[in-house]
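Some notes on the structure that comes next.
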Amino acid sequence: MSMIYALGNISGAHFNPPVSIAFANAKKFQPKQVLPYIIS
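Take the working numbering: the last position of the sequence shown gets the number 30, and nothing is skipped along the way.
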């Protein structure tokens, strides 16, 4: 929870790759941004 409050405004609280993939599948995150998030 502290990581979300500390860095959520920068990363959108995507700390776990499956969360980013789920957001992309739900059309709440651009699919082209998933791979850079996972790599970084």
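Note that CB positions come from ideal geometry on N, CA and C, so glycine has one too. Given the structure is predicted, the values throughout are model-derived calculations rather than measurements.
Own chain partners of residue i with C-beta closer than 6 angstroms, once the 5 adjacent residues on each side are dropped
i: Pro21; result: Ala14
i: Ser30; result: none
i: Ile28; result: Pro7
Cβ neighbours of residue i in the same chain (closer than 7 angstroms, five flanking residues each side left out)
i: Val24; result: Ser10, Ile11, Ala14
i: Pro26; result: none
Cutoff 8 angstroms; reference residue i; Cβ partners in own chain excluding five residues on either side
i: Lys18; result: none
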